[in-house]
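Quick note: the sequence shown uses the numbering used here, first residue 1025, plus one each step. What follows is a set of notes on a single structure, which appears directly below.
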Amino acid sequence: MIRCVRLWTGDDRNSHFEEGVIDLEPRRGAEKRNERTVRSAIGVLEKCFPNELTASGWLPRLKEIIPSYGVSLMDDADLLRRVRADTAAVLEVENV
């Protein structure tokens, strides 16, 4: 679990902050909640750490964890089949 805090000075000259928690550990039986959690975590990473999400930074590891990150599964049928097979194996369900 990673806790992220972003601080900045707004146009109103006041200090502002946002915080978020990133938990990429899979939890069986909570697919919908985890889908939202991962989507939110990625949003926090993209918003708070854009300079780190580069080819020489965190991007290779993020793509290792989430192979479909930044790719449309509608446009890449092979990747879609791999992601579905991997997901089915992790959840111990039939890959249909």
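No residue lacks a Cβ here, since even glycine has one placed at the ideal position from N, Cα and C.
- When A1113, A1065, W1032, L1031 are compared, the shortest CA-CA separation from G1044 is found for A1065.
- Under the DSSP assignment, I1089 falls in the alpha helix (DSSP H) whose first and last residues are 1083-1089.
- The closest CA to that of C1028, considering only E1042, M1098, L1115, R1085, is found on E1042.
- Exclusion of the five residues before and after S1039 leaves L1031, W1032, T1033 as the residues of its chain whose Cβ lies within less than 8 Å of its Cβ.
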